[in-house]
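Under the UniProt record's numbering, think of the first position of the sequence shown as 1, with each following residue one higher.
No residue lacks a Cβ here, since even glycine has one placed at the ideal position from N, Cα and C.
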Amino acid sequence: MASAAACSTVAQQRLCASRQQQRGSRPAVAAPRRQQQQQARRGPAAPQAMEIVQLAALDIDWSDPDTQIGALGAVLGLGLGIGVPAFYASRDDRDEERLEELRALNRATKEETGEYMSPEEIAAIRPPRWTDRREFVDDD
Numbered sequence: 001m002a003s004a005a006a007c008s009t010v011a012q013q014r015l016c017a018s019r020q021q022q023r024g025s026r027p028a029v030a031a032p033r034r035q036q037q038q039q040a041r042r043g044p045a046a047p048q049a050m051e052i053v054q055l056a057a058l059d060i061d062w063s064d065p066d067t068q069i070g071a072l073g074a075v076l077g078l079g080l081g082i083g084v085p086a087f088y089a090s091r092d093d094r095d096e097e098r099l100e101e102l103r104a105l106n107r108a109t110k111e112e113t114g115e116y117m118s119p120e121e122i123a124a125i126r127p128p129r130w131t132d133r134r135e136f137v138d139d140d
């Protein structure tokens, strides 16, 4: 009987120890919540040493050739990235205007002479663009 009583006390001790470990770890998890609640009641906390970060001013050495090349590349890239598509868009718009003028002229020629303009006459007025000169061939 003594051994059974001893076992039960050992089992109870282990159970109590595991409960204490659980209780011991729980306040550590709940502590940040409590601190946040208390901090909300008290107002903003004083800055801690780990939270203070000062940002230094950006000091660029413009006399360095690598810096100059990088800055020039950035400016040229930005300029070309915006300028080239804008140029192609303006050329495309102008080509559409010429095409409308050419269609109106072709209709007027049809009414006067009864014939449409020849491809040579159209090419003389509106030269083909580089995209018009490509041949789309299926080489499968």
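Same chain, Cβ closer than 7 Å to residue i, neighbours up to 5 away in sequence not counted
i	result
Ile122	Leu102
Ile60	Thr67
Arg14	none
Endpoints, the alpha helix (DSSP H) within which residue i is located
i	result
Gly70	Pro65 to Thr113
Helix, strand or coil at residue i according to DSSP, with G and I counted as helix
i	result
Ala57	coil
Arg14	helix
Pro128	coil
Glu135	coil
Thr9	helix
Buried/exposed call for residue i, threshold 16 Cβ in 10 Å
i	result
Pro128	exposed
Beta-carbon proximity check, residue i vs residue j, cutoff 9 Å
i	j	result
Ala74	Trp62	no
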